[in-house]
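Notes follow the structure.
Numbering (the numbering used here), first residue to last: 89 to 541.
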């Protein structure tokens, strides 16, 4: 589809620039922390045993390579739309751009929908209510509707709530680290487990670490959401490099320290049982600590994931509309609130549909990581292709080796040889198939409005 210059679009109010370095850092840290570390530590331990920290370290390095490419591109093109915008500029193929945009949007909405159901389930457990399946679904829908209302009210209100939620979930992880190192200092636990390999099945050490890294990588994603907030940041080309890299280093360090604390206090086999690995760490290291608090902390953590992912998804749809890849109506900005209200409604309805019809499919988390690994590979290649495109302002430039290694590692981790559950490929295929259908619908709308496909 022909790309129409931005200047020919109808005048729309600009998004309000309210995010400085502090709010952006909290946004990035809160998005990466999310729900992953609260649930995945035990699953990673099942794959590798005591060296549970190693897959998180490898995942951090892979994420860092791709982050360099994102930094070059967001400082070069500081607009909403992120990966889809970079794909559009690098390759100029509407169909390919649409699929990338749909993959990113689907990953965000799927993650938010899953987080909403997790919030509802934790709400039910924490307060001792037995709502049943339909009740949990209803609570999840009400919750995602509340997230939509906060998102509509304005990014200022959204990021302020993000500050609160990030503080709570960060506090929970710091409690885990504190309990772990206090116990270690007191001679409790077994520090030697930190260096003990216990490969899963007959895959051997290397492939067990690779399989565990595909799990741990899900806990590292989230940093890419921040580029979709570029139009609401103050001086994005200047602040993004230090803030994004700083956020990755902070979260990577926290993950490794949490993993060390967990495996020191709880053996790998026990850590991998059930869905509350960090609760077991609290019970082992500080049995007098009120463990019910962790149910509430987890609730805050998943709420933060839902809010940030829905903010990202709506800004992505808005940005793609402004780039003429989606219908103009999705780029409308509310005159009073200065928020992309049509995009918020659209993404929220999709989230409700996922909550009602997809439910809490366990493989959705892995599918989210799979889709994002594919997107990251495209972004790394786009960063290399767009080196030939000069802009009129200074911007960050990644070392050439970063996007090269980033694309190779992302493609590798997305492959079936890593031991990834085949159902994840099936879900991804269904989602992208839906994207193809929506592309044809979009082309039809464009033609009706007098644009050539």
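Don't be surprised by glycine CBs; every beta carbon is placed ideally from N, CA and C.
In the structure shown, what three-state DSSP assignment does residue 184 receive?
-> In the three-state DSSP reduction, residue 184 falls in the helix class (H, G or I).
Taking all protein chains shown into account, do 16 or more other C-beta atoms lie within 10 angstroms of the C-beta of residue 181, making it buried, or fewer, making it exposed?
-> Residue 181 is exposed by the Cβ-count criterion.
Measure how close the beta-carbons of residue 498 and residue 461 come, nearest whole angstrom, since I'm counting them as under 8 angstroms.
-> By a beta-carbon distance limit of 8 angstroms, residue 498 contacts residue 461. Their separation comes to about 5 angstroms.
Nonlocal neighbours in the same chain, by C-beta distance under 6 angstroms from residue 223, ignoring five residues either side | For residue 223, where only same-chain residues beyond five positions count, there are no Cβ hits under 6 angstroms.
May I ask you to report which of helix, strand or coil DSSP gives residue 137?
-> Strand.
Under 6 angstroms Cβ to Cβ from residue 436, same chain only, skipping five residues before and after it: list those, please.
-> Cβ within range, chain order: 236.
Separation of residue 188 from residue 114, as counted between CA atoms = Cα to Cα, the separation comes out at about 26 angstroms.
Could you pull out every residue in the same chain whose Cβ sits closer than 6 angstroms to the Cβ of residue 119, ignoring the five residues on either side in sequence?
-> Within the same chain, 310, 313, 396 come within 6 angstroms of residue 119 by CB-CB distance, once the 5 residues on both sides are set aside.
DSSP three-state call for residue 285: helix, strand or coil?
-> Note: residue 285 maps to strand in three-state DSSP.
Do you know whose CA, among 477, 500, 141, 333, lies nearest residue 165's CA?
-> Comparing Cα positions, the closest option is 477.
Count the other C-beta atoms from every protein chain shown that fall within 10 angstroms of the C-beta of residue 207, then say buried if there are 16 or more, exposed otherwise.
-> Residue burial is scored here from C-beta neighbours: residue 207 has at least 16 other C-beta atoms within 10 angstroms and is therefore classed as buried.
Residue 163: which of 348, 434, 197, 324 sits nearest, CA to CA?
-> The shortest Cα separation from residue 163 among 348, 434, 197, 324 belongs to 324.
Under the rule that 16 or more other beta-carbon atoms within 10 Å means buried, what is residue 134, buried or exposed?
-> Around the C-beta of residue 134, 16 or more other C-beta atoms lie within 10 Å, and the residue is accordingly described as buried.
Is the distance from the Cβ of residue 398 to the Cβ of residue 196 below 9 angstroms?
-> Yes, Cβ-Cβ distance for residue 398 and residue 196 is below 9 angstroms.
Nearest-angstrom Cα separation, counted from residue 328 out to residue 334 | Distance between the alpha carbons of residue 334 and residue 328: 10 angstroms.
How many angstroms separate the CA atom of residue 434 from the CA atom of residue 402?
-> So the alpha carbons of these two residues sit roughly 8 angstroms apart.
Looking at residue 198 and residue 442, is the spacing between their C-beta atoms short of 9 angstroms?
-> Yes; because the gap between Cβ atoms is below 9 angstroms, this pair is in contact.
What residue ranges within the stretch 308-371 form continuous alpha helix (DSSP H) runs of no fewer than 4 residues, ordered along the chain?
-> Taken in chain order, the complete alpha helix (DSSP H) segments of 4 or more residues contained in the stretch 308-371 are 324-353, 356-359.
Under a Cβ-count criterion, where at least 16 other Cβ atoms within 10 Å of its own Cβ denotes burial, should residue 417 be classed as buried or exposed?
-> Classification of residue 417: exposed, given that the 10 Å Cβ count is below 16.
Output the distance between the C-alpha atoms of residue 98 and residue 471, rounded to the nearest integer angstrom.
-> Caution applies to residue 98, whose pLDDT of 46 falls short of 50 and renders its modelled position unreliable; the model cannot decide the point.
Quick check: the stretch 151-163 against the stretch 482-492, are there 3 or more CB pairs under 8 angstroms?
-> Yes, the stretch 151-163 touches the stretch 482-492.
Which value, in whole angstroms, describes the spacing of the CA atoms of residue 507 and residue 111?
-> Rounded to whole angstroms, residue 507 to residue 111 spans 38 angstroms at the Cα level.
Are the beta-carbon atoms belonging to residue 542 and residue 146 less than 9 angstroms from one another?
-> Only positions 89 to 541 of the chain appear in the structure, and residue 542 is not among them; the question remains open.
Look up residue 107 in the DSSP assignment and give the residues it is bridged to.
-> Per DSSP, 321.
Could you tell me whether the stretch 420-430 touches the stretch 271-280, where touching means 3 or more Cβ pairs closer than 8 angstroms?
-> They do not touch, by the three-pair rule.
Is residue 276 helix, strand or coil when you go by DSSP?
-> Reduced to three states, the DSSP call for residue 276 is coil.
Reference residue 130; option with closest CA among 453, 415, 438, 356 = Residue 130 has its Cα closest to that of 356, out of 453, 415, 438, 356.
Relative to the alpha-carbon of residue 140, which residue among 360, 175, 262, 186 has its alpha-carbon at the smallest distance?
-> Residue 360 is the option with its Cα nearest to residue 140.
So, using beta-carbon positions, are residue 300 and residue 136 closer together than 9 angstroms?
-> Taking 9 angstroms as the Cβ cut-off, residue 300 and residue 136 qualify as a contacting pair.
Decide if residue 454 is buried, meaning its Cβ has at least 16 other Cβ atoms within 10 Å, or exposed.
-> Buried: at least 16 other Cβ atoms inside 10 Å.
CA-to-CA distance, residue 185 to residue 176, given in whole angstroms = Distance between the alpha carbons of residue 176 and residue 185 is about 5 angstroms.
Could you tell me whether the Cβ of residue 475 comes closer than 9 angstroms to any Cβ of chain B?
-> Going by chain labels, chain B is absent from the structure shown, which holds only one protein chain.
With a threshold of 16 other CB atoms inside 10 Å of the CB of residue 275, please say whether the residue is buried or exposed.
-> Taking every protein chain shown into account, the CB of residue 275 has fewer than 16 other CB atoms within 10 angstroms, so this residue is exposed.
Look at the alpha carbon of residue 373 and the alpha carbon of residue 209, and state the distance between them as a whole number of angstroms.
-> Between the C-alpha atoms of residue 373 and residue 209 there is a straight-line separation of about 26 angstroms.
Could you tell me the boundaries of the alpha helix (DSSP H) in which residue 440 lies?
-> Counting along the chain, the alpha helix (DSSP H) containing residue 440 begins and ends at 429-441.
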